[in-house]
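Some notes on the structure that comes next.
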Amino acid sequence: MDSLIKLLKTNARLTDAELAVMLGKTEKEIADDIKKLENDGVIQGYSAIIDESVIDSNSVYALIELKVTPQSQSGFDEIAKEISQYDEVESVRLMSGGYDISVAVTGGNIRDVSQFVSQKLAAIDAVQSTATHFVLKSYKNNGIIINSSETDERGLVSP
């Protein structure tokens, strides 16, 4: 199963037939294995890795650190569920270290993200503080190396 999971993480569009050849199994065995992984909750879903900047050059991706007061009955769970409901939110994670919750968001521009933070996240009673970090460039996303034709010319200057 580990080999199957690794292949699916690399390319979830591989057909059962292609996976069967790669793993030396039958298509039915592959289909059964995938169904079992889905039923057991190992595979939570399938998605495409999209470069939003190709669609809209003004779009931005930001990582937001939240310091949060845990709730008496649910700890961080209810706050995380509330934050997860916003359309702008790509992911929400409970963290160890200097902050409690990490929120990844995509916005049409920096102002959209800033308004989301100030009007929605900061307005949640349990949120003590926020720190927003805008992603300037991605080199690898969900295990996929991002192929960029842009050349970084900073290192091309010679004395």
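Everything in the sequence shown is counted per our numbering, starting at 103 for the first residue and increasing by one. We treat Cβ as the ideally placed atom computed from N, Cα and C, and that holds for glycine.
Go through its chain and collect everything with a Cβ distance to residue 128's Cβ below 7 Å, but skip five positions before and after it.
Looking up residue 128 in the sequence shown gives position 26. 122, listed in sequence order.
Taking 8 Å as the threshold (C-beta atoms), are residue 149 and residue 155 in contact?
In the sequence shown, counting from the first residue as 1, residue 155 sits at position 53. In the sequence shown, counting from the first residue as 1, residue 149 sits at position 47. 8 Å or more divides the Cβ of residue 155 from the Cβ of residue 149.
Mind the definition here: the segment 205–218 touches the segment 175–193 only if three or more C-beta pairs lie below 8 Å; say whether that holds.
With a cut-off of 8 Å, the segment 175–193 and the segment 205–218 count as touching, because enough Cβ pairs lie within range.
With DSSP collapsed to three states, give me the class of residue 193.
As a working mapping, residue 193 is identified with position 91 in the sequence shown. In the structure shown, residue 193 falls within a strand segment according to DSSP collapsed to helix, strand and coil.
In chain order, each alpha helix (DSSP H) run of at least 4 residues that lies wholly inside the segment 148–209:
Segments of the alpha helix (DSSP H) lying fully in the segment 148–209: 154–157 and 179–186.
Going by DSSP, what residue range makes up the beta strand (DSSP E) through residue 231?
Numbered from its first residue, the sequence shown carries residue 231 at position 129. Residue range 229–236 is occupied by the beta strand (DSSP E) that includes residue 231.
By Cβ distance, which residues of its chain are closer than 7 Å to residue 226, with the 5 residues on each side in sequence left out?
Within the sequence shown, the letter at position 124 stands for residue 226. Taken in chain order, the residues that qualify are 181 and 184.
Looking only at its own chain, which residues have a Cβ that is under 7 Å from the Cβ of residue 118, when we skip the five neighbours before and after it?
Position 16 of the sequence shown, counted from the start, is the residue given in the question as residue 118. Hits under 7 Å: 129, 132 and 133.
Cβ neighbour criterion (16 or more within 10 Å) applied to residue 151:
On the sequence shown, position 49 is the one that residue 151 refers to. By the Cβ-count criterion, residue 151 is exposed, with fewer than 16 other Cβ atoms from all chains shown falling within 10 Å of its own Cβ.
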